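Count along the sequence shown starting at 1, add 113, and that's the number in the numbering used here.
Here a beta-carbon is modelled for each residue, glycine too, at the ideal position from N, C-alpha and C.
For clarity, every value in this text was computed on a predicted model and none was experimentally measured.
Notes follow the structure.
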Amino acid sequence: MLWEVMELADIYSTLEGPRRLILVVHCRELPDLEPLLAEAACSLSSGRLVIARCLDEGRYISTVSPRYLKSRAGRLHLKLLSELKPDITVELHSYSPRAAPALTSPWRRLAPPLVELEAGLLLGSVPPPLASPLRLQGISLLLPRVYLTLEVERGSNRALEAAARVMRQAATCSSGLELIYWLFKLYPRQLAKAARRFSRYYMKAARAARTARLTRL
114 MLWEVMELAD IYSTLEGPRR LILVVHCREL PDLEPLLAEA ACSLSSGRLV
164 IARCLDEGRY ISTVSPRYLK SRAGRLHLKL LSELKPDITV ELHSYSPRAA
214 PALTSPWRRL APPLVELEAG LLLGSVPPPL ASPLRLQGIS LLLPRVYLTL
264 EVERGSNRAL EAAARVMRQA ATCSSGLELI YWLFKLYPRQ LAKAARRFSR
314 YYMKAARAAR TARLTRL
């Protein structure tokens, strides 16, 4: 069964508030990230929080790979976004220090380069393979909805503490916009850089798609 690869915790507050989704989609990264899931669950102040843990120990497929949506975890990831329509989504990953140059490189191919918020904590947005099918369903993950990808350096207490602050804010803010304002206040230069990289990547992708269509005519 498809849902056997994903464990869900669905937590409600007595107060109205945003719908929040926090995911760990790579089973091997769960031990590094469990403290952040616990932080979010303990901090929830309003609304609804769904925590999704992937239990599939199969072959690792990056969320930015076109093959991701063909995996069981990828199909469930998309299904959760389609059905829950969260106001705030945080996709959590852990990485080894040697992977940082590839994740932040301006020449990263399949997704916008990540931006370092603090030492060992990298920020991105919605993976491109997820964005396209959601748009076809009429679901936007742009403001006022917020989709964050956080990469936490494995074994770094400093990175884990910084990520925990973001998780607390994601669990207590009243909206996605409030979360973005908080991030801009704390990391103004980094957020501006992330916005530029996101815009540049999708403008380049749109030009490439137009060129491909014209070539086929």
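Secondary structure note for Ala213: its alpha helix (DSSP H) is the uninterrupted segment 213-217.
Around the beta carbon of Thr127, fewer than 16 other beta carbons lie within 10 angstroms, which makes this residue exposed.
In this structure, the alpha-carbon of Arg221 lies about 11 Å from that of Val177. Nearest Cα to Ser238 within the set Asp169, Cys167, Leu143, Leu216: Leu216. In the DSSP annotation of this structure, Val279 is not part of any beta strand (DSSP E); the continuous alpha helix (DSSP H) holding it starts and ends at 270-285.
Cβ neighbours of Cys286 within its own chain (closer than 6 Å, five residues either side excluded): Leu292.
In the three-state DSSP reduction, His139 falls in the coil class, being neither helix nor strand.
Between Leu134 and Ala165, the CB-CB gap stays under 8 Å. Under DSSP, Tyr125 forms a beta bridge with Arg161. In this structure, Ala276 lies away from Leu304, with their beta-carbon atoms at least 8 Å apart.
Residue environment: Asp123 is assigned as exposed (fewer than 16 neighbouring CB atoms within 10 Å of its CB, all protein chains considered).
For Gly237, the enclosing beta strand (DSSP E) has its first and last residue at 234-237. In this structure, Pro131 sits near Ser288, with a CB-CB distance shorter than 8 Å. By the Cβ neighbour-count rule, Gly160 is buried, with 16 or more other Cβ atoms within 10 Å of its own. Of the candidates Asp169, Leu121, Tyr173, the residue whose Cα lies closest to the Cα of Leu150 is Leu121. Your pair Cys167 and Val203 does not check out as a contact, with CB atoms roughly 14 Å apart and the cut at 8 Å. Within the same chain, and ignoring the five residues on either side of Ala272 in sequence, the residues whose Cβ sits closer than 8 Å to its Cβ are Glu231, Ala232, Gly233, Leu234, Val265, Glu266.
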